[in-house]
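Taken in order, these protein sequences are the chains called A, B and C. Per our numbering, the first sequence starts with residue 1, numbered consecutively. Per our numbering, the second sequence starts with residue 1001, numbered consecutively. Per our numbering, the third sequence starts with residue 2001, numbered consecutively. Ideal Cβ placement from N, Cα and C applies to all residues, glycine included. Here is the structure we will look at.
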Amino acid sequence: MITKLDKFDNSWYKPGSFLKRMCWFFINSIFFKSSFFSSNPLKKLLLKLFGAKVGEGVVIKPNVNIKYPWFLHIGNHTWIGENVWIDNLTTVQIGNHVCISQGAFLLCGNHDYTKSSFDLMTKPIIIEDGVWIGAKATVCPGVTCFSHSVLSVGSVATKNLDAFSIYQGNPAQKIKERVIAD
Amino acid sequence: MITKLDKFDNSWYKPGSFLKRMCWFFINSIFFKSSFFSSNPLKKLLLKLFGAKVGEGVVIKPNVNIKYPWFLHIGNHTWIGENVWIDNLTTVQIGNHVCISQGAFLLCGNHDYTKSSFDLMTKPIIIEDGVWIGAKATVCPGVTCFSHSVLSVGSVATKNLDAFSIYQGNPAQKIKERVIAD
Amino acid sequence: MITKLDKFDNSWYKPGSFLKRMCWFFINSIFFKSSFFSSNPLKKLLLKLFGAKVGEGVVIKPNVNIKYPWFLHIGNHTWIGENVWIDNLTTVQIGNHVCISQGAFLLCGNHDYTKSSFDLMTKPIIIEDGVWIGAKATVCPGVTCFSHSVLSVGSVATKNLDAFSIYQGNPAQKIKERVIAD
């Protein structure tokens, strides 16, 4: 069989009212994706107004792209770096003391390539406390990054990352343990 | 020998009149690369005015960067995702029912690193029907992605992709067959 | 132990006065990161005003992101491609006849993931004469790319690159010698 994208049907997928999504589209473009307007209090206020949970001491750098804030939970003392792209078609849950470095990409959308209708599949991402997602690294749909795992620069996590473990490559492989000495 | 970029000479490369390229540069910046102006009919009209072939049911998301539309052919029911970069210094031919996911990169330019003058080399890309180029994946110059091949998230296709086959990594390696069951 | 980002202390890191950094932040956003304003003489003048060393015949394409120009040295006849990101928290020294292709990323910042305070670590990058950093490739903190080395498309250099050698993958591995025939 062959792919028929004209048979694609995502009418079951209801991520929020059209009005809410349009409002967020413009707010995201102006206040988040833009190089300017880097006021953290304003950004956190906007995220919360649109349903995000945002903890204490969160830092959000410029040029961040967030799909749907109402599917976003950010814990305390967590950093979202420059040019991070949170493409959260469904829930992205980020814990406390997490560093999402610049250019990182959290991807919640997938397609069923075994179906001619190429069905949309969305899966949540969970990033537990103390995790470090390295610069330009990608976390794929459905992945849980367990406590204090590290995904190195430019790597692609296609499966869960074990706690206190360091991963590298595409697909990311475990290369060593993470020991926090003090 | 050593590289001498002051000896670089691409005067043989004539991608279109200066006026046409300047006009497109601004239209691309305003209507395509921008986060706003996501009207699909307008974008398709502009692409066609500048010589692109664009089929029925094509969807073009925001923040798309297209080098030269007169070197671009897009078939029917094909999707161009957010932040896709079509750096088509020469022809990029995309078939029907193709999904180019968000952040993907189609690269047509290369350099001859065995010459001190670092000569420009451009090679076309062909993406056949039903292909899926995953998010943040890259297709290199001269590559043909045969019918219904899949390039997974963040992977780099340096050679042709076999039909109905799934590739991963940098350089991308075949990891399994793609079976479309229904 | 666990990560405590509220214990993070980078007060030792003094990259320049607040006023200078703010001025550059806006100039970078308007004249460099923007799709417009692609006048090379203006961009080189601005870089030099902010302390960069910029040689003869340097070409800087649109959408380039430079962190701190006073930590940037660019030799003669060197090209900085579209969407290049020079995240130079400390010195980035780029030689003569170097090609930094589109979308490449030079990363100088790291964190000590063995400390609960996740200390900032910055390390310089040196890119010697004749090097080619391929499109969407990444050079990690502290890496020296020796004379005429090549980092291929989308690859991640985590260690020094030998002279006249070609590297690929994440982490980048040496795949062959570079011979410049003429």
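Can you tell me the Cα-Cα spacing of residue i and residue j, whole angstroms?
i: A:W24; j: A:S152; result: 31 Å
i: C:H2111; j: A:S101; result: 10 Å
i: C:P2124; j: B:F1146; result: 43 Å
i: C:S2165; j: B:L1042; result: 47 Å
i: B:N1076; j: A:N170; result: 32 Å
i: B:I1027; j: B:G1154; result: 28 Å
i: A:V131; j: A:V150; result: 6 Å
i: B:H1073; j: B:T1091; result: 8 Å
i: B:K968; j: C:H2097; result: This structure gives no information on residue 968 of chain B, because the portion of chain B shown stretches from 1001 to 1182.
i: A:S17; j: B:D1119; result: 53 Å
i: B:I1060; j: B:L1107; result: 18 Å
i: B:L1161; j: C:K2014; result: 49 Å
i: B:A1181; j: C:Q2093; result: 54 Å
i: A:A163; j: A:H148; result: 6 Å
i: B:E1177; j: B:I1133; result: 15 Å
i: A:V179; j: C:T2144; result: 28 Å
i: A:L19; j: A:W12; result: 18 Å
i: B:D1009; j: C:Q2173; result: 31 Å
i: C:I2126; j: C:K2159; result: 12 Å
i: C:E2056; j: C:G2095; result: 12 Å
i: A:S38; j: A:M22; result: 22 Å
i: A:S29; j: C:I2030; result: 16 Å
i: B:V1156; j: C:D2129; result: 27 Å
Taking 8 Å as the CB-CB limit, is residue i close to chain C?
i: A:F36; result: yes
i: A:Q102; result: yes
i: A:G75; result: no
i: B:P1171; result: yes
i: A:V54; result: no
i: B:I1002; result: yes
Examine chain A for any beta-carbon lying closer than 8 Å to the beta-carbon of residue i, and answer yes or no.
i: C:K2061; result: no
i: C:K2159; result: no
i: B:D1162; result: no
i: B:F1168; result: Per the sequence shown, the amino acid found at residue 1168 of chain B is Gln instead of Phe. Taking Cβ atoms only, chain A reaches closer than 8 Å to B:Q1168, which makes this a yes.
i: C:I2080; result: no
For residue i, I'd like the list of residues in its chain whose CB is within less than 6 Å of its CB, leaving aside the five on either flank, ordered along the chain.
i: A:F103; result: The sequence shown places Gly at residue 103 of chain A, rather than the Phe named in the question. Cβ neighbours of A:G103 beyond the five flanking positions: N83, A135, K136.
i: C:K2044; result: V2054
i: A:F71; result: N88, T90, T91
i: C:V2058; result: I2074, T2078
i: C:I2175; result: I2166, Q2168
i: A:F105; result: W85, T138
i: C:I2080; result: I2060, V2064, I2100
Is residue i close to chain B, meaning its C-beta is less than 8 Å from at least one C-beta of that chain?
i: A:V143; result: no
i: A:V156; result: yes
i: A:N83; result: no
i: C:V2064; result: no
i: C:G2057; result: yes
Can you name, in chain order, every residue of its own chain whose Cβ lies under 7 Å from the Cβ of residue i, other than the five neighbours on each side?
i: B:P1069; result: W1024, L1047, F1050, G1051, A1052
i: B:F1032; result: K1043, V1064, N1065, I1066
i: A:G109; result: D87, L89, L120, T122, P141
i: A:K7; result: S116, S117
Under 8 Å Cβ to Cβ from residue i, same chain only, skipping five residues before and after it: list those, please.
i: A:M1; result: S116
i: A:S35; result: P62, N63
i: C:F2040; result: Note that residue 2040 of chain C is Asn in the sequence shown here, rather than Phe. Around C:N2040: V2058, V2059, I2060.
>> Can you pull out the residues from the segment 1085–1119 of chain B whose beta carbon lies closer than 9 Å to at least one beta carbon of chain A?
In response: N1096, H1097, V1098, C1099, S1101, Q1102, G1103
> Which residues, in chain order, does the segment 24–48 of chain A contribute to contact with chain B at a C-beta distance below 7 Å?
Replying inline: S29, K33
> Name the residues in the segment 2004–2026 of chain C whose C-beta lies less than 7 Å from a C-beta of chain A; which are they?
Replying inline: K2004, L2005, D2006
>> Beta carbons nearer than 8 Å to chain D: which residues of the segment 120–139 of chain A have them?
In response: No chain D is part of this structure, whose protein chains are labelled A, B and C.
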